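J.: My structure is below; once you've seen it, I'll send some questions.
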Amino acid sequence: MARSIYGDHGRFMDTYYRPYPGLYFSGDGARRDGEGHYQITGRVDDVINVKGHRIGTAELESCLDHDPRVAETAVVGFPHDIHGEGIYGYVILKDGVCESDEEVIKGLRNIVRMQIGGFAVPEILMIVPGLPKTRSGKIMRRILRKIAADRHDELGDVSTLADPSVVEKIVQGHTKRNNN
């Protein structure tokens, strides 16, 4: 662990120790389940600026993940002509969800509206079969941001992902959605 920032110890203390006295602030978000296990949810400094509101992706994901139909989510920003950035959510449903994708999406948007506010409702929510993850389980948000921004030709090498086929399926779903 770092002990200081060279030439700026005050900044080091302000950034890592003063936000929560007695604790070290790493910048990573996590949540604890009912059994006491922790799941890392991502960086708390991953922020989307929508209509002048700064919204943390971890906050949005946590809100969406609390829905009993949801297995996992990833939220990214995408360029928006009017709002600066839009919110694009990728959602994996749990097995056995009987509702249509449209019903689930409507419900998830309502949950965000009620818990965070109307400004935070994702413009796009897409039900996906999986998320692009490294072999160690880290979500590759850079890939999701490029898909959301229609920059499919800039994805780079995805062959090292745990399941590279997920990227192709997400791109197909995104393209199909845009063509409708």
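For the numbering used here, add 28 to where a residue sits in the sequence shown, where the first one is 1.
Ideal placement from N, C-alpha and C gives every residue a C-beta, glycine not left out.
Computed from a prediction, not measured in an experiment: that's the story for all the values here.
1) Give the DSSP-derived three-state secondary structure of GLU3 in the structure shown.
2) Would HIS81 pass as a contact of PHE147 if the rule is Cβ separation under 8 Å?
3) Mark TYR116 as exposed unless 16 or more other C-beta atoms lie within 10 angstroms of its C-beta, in which case mark it buried.
4) Please confirm if the stretch 156 to 175 is in contact with the stretch 186 to 198, defined as three or more CB-CB distances below 8 Å between the two stretches.
5) Counting pairs of Cβ atoms below 8 Å between the stretch 99 to 116 and the stretch 163 to 182, do you hit three or more?
6) Hey, how far is the Cα of CYS91 from the Cα of PRO150?
7) By Cβ distance below 6 Å, which residues in the same chain neighbour PRO157 in space, the five residues on each side in sequence not counted?
8) Distance, Cα to Cα, ARG141 vs ASP123?
9) Which same chain residues, not among the five before or five after ARG205, have their C-beta less than 8 Å away from its C-beta?
T.: Quick answer:
1) The structure shown does not extend to residue 3, since the chain spans only 29 to 208, so no value can be given for it.
2) Going by C-beta atoms, HIS81 is nearer than 8 Å to PHE147.
3) With 16 or more neighbouring CB atoms inside 10 Å of its own CB, TYR116 falls in the buried class.
4) Yes: the two stretches touch, three or more of their Cβ pairs being nearer than 8 Å.
5) These segments touch.
6) Taking the Cα positions, CYS91 is about 12 Å away from PRO150.
7) Around PRO157, the same chain offers LYS197 as residues with beta carbons nearer than 6 Å, after the five sequence neighbours per side are excluded.
8) Their Cα atoms are separated by approximately 25 Å.
9) Counting only Cβ-Cβ distances below 8 Å, and skipping sequence neighbours, we find ILE152 and MET154.
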